[in-house]
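Have a look at the structure below before the remarks.
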Amino acid sequence: MSFDIQCIRQDFPILQQQIRGKPLVFLDSGASAQKPRAVIDAMVRCMEERYANVHRGAYFLSEAATEAYEAARGAVARFINAADPREVIFTPNSTAAINLVAHSWGRGVLRPGQAVLISEMEHHANLVPWQMLRDEGRGIELRVARVTDAGELDLEDVAAKLADGKVGLVAITHMSNVLGTVTPAERLVRMAHDAGAKILFDGSQAAVHRRVDMQALGADFYAFTGHKLYGPTGIGVLWARLEHQERMPPFLGGGDMIAMVTIDRTEWAAPPAKFEAGTPPIIEAVGLHAAVDYVSAIGMPAVEAHERRLVDHAMRRLSDIESLGLLGRAQDRGGVFAFSLDNAHPHDLATLLDRAGIAVRAGRHCAEPLHTRFGMEGGTVRASFGLYTTEGEIDYLAEALSKAREFFA
Numbered sequence: 004m005s006f007d008i009q010c011i012r013q014d015f016p017i018l019q020q021q022i023r024g025k026p027l028v029f030l031d032s033g034a035s036a037q038k039p040r041a042v043i044d045a046m047v048r049c050m051e052e053r054y055a056n057v058h059r060g061a062y063f064l065s066e067a068a069t070e071a072y073e074a075a076r077g078a079v080a081r082f083i084n085a086a087d088p089r090e091v092i093f094t095p096n097s098t099a100a101i102n103l104v105a106h107s108w109g110r111g112v113l114r115p116g117q118a119v120l121i122s123e124m125e126h127h128a129n130l131v132p133w134q135m136l137r138d139e140g141r142g143i144e145l146r147v148a149r150v151t152d153a154g155e156l157d158l159e160d161v162a163a164k165l166a167d168g169k170v171g172l173v174a175i176t177h178m179s180n181v182l183g184t185v186t187p188a189e190r191l192v193r194m195a196h197d198a199g200a201k202i203l204f205d206g207s208q209a210a211v212h213r214r215v216d217m218q219a220l221g222a223d224f225y226a227f228t229g230h231k232l233y234g235p236t237g238i239g240v241l242w243a244r245l246e247h248q249e250r251m252p253p254f255l256g257g258g259d260m261i262a263m264v265t266i267d268r269t270e271w272a273a274p275p276a277k278f279e280a281g282t283p284p285i286i287e288a289v290g291l292h293a294a295v296d297y298v299s300a301i302g303m304p305a306v307e308a309h310e311r312r313l314v315d316h317a318m319r320r321l322s323d324i325e326s327l328g329l330l331g332r333a334q335d336r337g338g339v340f341a342f343s344l345d346n347a348h349p350h351d352l353a354t355l356l357d358r359a360g361i362a363v364r365a366g367r368h369c370a371e372p373l374h375t376r377f378g379m380e381g382g383t384v385r386a387s388f389g390l391y392t393t394e395g396e397i398d399y400l401a402e403a404l405s406k407a408r409e410f411f412a
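Going by the numbering used here, the sequence shown opens with residue 4, and the numbers climb by one from there.
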């Protein structure tokens, strides 16, 4: 499939509607992306023709559903170039994936006196679980690497906080959901491993906007979610090396994660089943499979090239608006722009943009410490792009912001 933006937009039914008499300009894909017809149809077809519980039934529908569920695991493994489909653990979302690592690796493998290193730009999903681990009295320290005024990760500070060899795990975003900053992942992997630490990436944004290759990256854990990747809510992915999964105790107990149970003890199933307790997200897995197939057919290099054009265009247009301040100006960034407008509260500005048919997000975007770091405790407005976003929509946003500036002045 070639990158024909108008044909791509036709694949997304929701984009064909109008909001208050104006064409919908959806610029909140960083929160949750819209769904193509291929995903919708695949999930409906599963419910209408092939639905049953998986791994348990010796009848046609259950076998078909099991095959579809495991095929989704294989599709995700190919999408991220995992060495083995068993490295793919299905979770409810990125938050659950990171909590799984915090619980099973943090409580089961990290030792008293070790530390977890995060950064100031983390989403709360990659901050709060580590605070909880620190506060349990297990002797685990939480260290925080600084972010520069340009919105980039301070690598010198990362190195300084790794220097004593006490960091057991580095947990860092691959792409900020506020600044759009893409962190130097390969370099961070080398820095962590050289210091004797494992490394987890929150790839919730990056997996949507960049080609991610687990074998080339060399990380230990990588988390992302389906609903930002044009798939359904209710399913996420934790990629984890098999040797790490073997060392980790289960996160949740129940059915399907066991090999054997007696009244006195339980033996765990082999990974990844050990971490997928209970009835899994079957229909959602089918939808995620359709989503990664859809994106793969377009091609991540084409998606990335399209986004680079959008980012360059947005940077030019938004920088020209008087009284508008952009949060972060990293050299390597994705399609996320957080900004403020003089005299305008973020919620008021977002409401005014909504009247023009423009959907953006207002607030602190589950990154309160980052907003505090930049003196933006009141929050920002965020415009975030998807593969269906056009330069014309960015122009329309810029024009609406110019009018808003006059209104609030």
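Where a beta carbon is used, it is the ideal one built from N, C-alpha and C, also for glycine.
These numbers come from a predicted model, not from an experiment.
### Task
Express the C-alpha separation of H126 and W271 in angstroms, rounding to a whole number.
Computed Cα separation, rounded: 32 Å.
### Query
Between the segment 198-206 and the segment 165-185, do three or more beta carbon pairs fall short of 8 Å?
Using a C-beta cut-off of 8 Å, the segment 198-206 makes contact with the segment 165-185, since at least three inter-stretch Cβ pairs fall below that distance.
### Query
Cα-Cα, which of R149, E155, R110, G183 is closest to E139?
A check of alpha carbon separations from E139 across R149, E155, R110, G183 identifies R110 as the nearest.
### Own chain, CB closer than 7 Å to N346, minus 5 neighbours either side, in chain order
The beta carbon of N346 is closer than 7 Å to those of F411, A412 in its chain, skipping five residues each way along the sequence.
### Task
Classify S415 as helix, strand or coil using the three-state DSSP reduction.
Examination of residue 415 is not possible in this model, given that the chain is present from 4 through 412 alone.
### Message
Quick check on K164: does DSSP put it in helix, strand or coil?
### Response
In this structure, DSSP gives K164 a helical state, which the three-state scheme calls helix.
### For E144, three-class secondary structure by DSSP
If DSSP states are grouped into helix, strand and coil, E144 belongs with the strands.
### Task
Look at the alpha carbon of S35 and the alpha carbon of Y233, and state the distance between them as a whole number of angstroms.
Their Cα atoms are separated by approximately 8 Å.
### Query
Just the Cα atoms here: how many angstroms apart are N129 and L30?
Cα-Cα distance, rounded: 24 Å.
### Query
From the DSSP output, which residues share a beta bridge with T383?
G366.
### Query
Residue range of the alpha helix (DSSP H) that K406 falls in?
394-411 is the extent of the alpha helix (DSSP H) around K406.
### Query
So what's M178 in DSSP terms, helix, strand or just coil?
Looking at M178 - three-state DSSP - the assignment turns out to be strand.
### Query
Is F82 buried or exposed, if buried means 16 or more other CB atoms sit within 10 Å of its CB?
Label assigned to F82: buried.
### Query
Taking the continuous alpha helix (DSSP H) assigned at F82, which residues delimit it?
Note, F82: alpha helix (DSSP H), 63-82.
### Message
Please identify the residue among M251, Q37, E325, A71 whose C-alpha is closest to the C-alpha of I286.
### Response
When only C-alpha atoms are compared, the closest one is A71.
### Message
Could you tell me the alpha carbon to alpha carbon distance between P372 and R59, rounded to whole angstroms?
### Response
As the crow flies, the alpha-carbon of P372 is around 45 Å from that of R59.
### Task
Could you check the C-alpha separation between Q208 and L241 for me, to the nearest Å?
Their backbone Cα atoms lie some 14 Å apart in a straight line.
### Task
Spatial neighbours of Q134 within its chain, please: CB distance less than 7 Å, with the 5 preceding and 5 following residues excluded, ordered by chain position.
The answer, listed in chain order, is L145.
### Query
Is it true that the CB of N180 sits closer than 9 Å to the CB of H309?
Not a contact, by the Cβ cut-off of 9 Å.
### Query
Can you give the Cα-Cα distance for F377 and D152, rounded to whole angstroms?
Cα to Cα, the separation comes out at about 8 Å.
### Task
Report yes if the C-beta distance between Q37 and I22 is below 9 Å; otherwise report no.
I22 sits away from Q37, with the two beta carbons spaced by 9 Å or more.
### Query
Where does L400 land, buried or exposed, given buried means 16+ other C-beta within 10 angstroms?
Within a 10 Å sphere around the beta-carbon of L400 sit 16 or more other beta-carbons, which makes this residue buried.
#### Entry: Beta carbon of L103 nearer than 9 Å to that of F254
Yes. Within cutoff.
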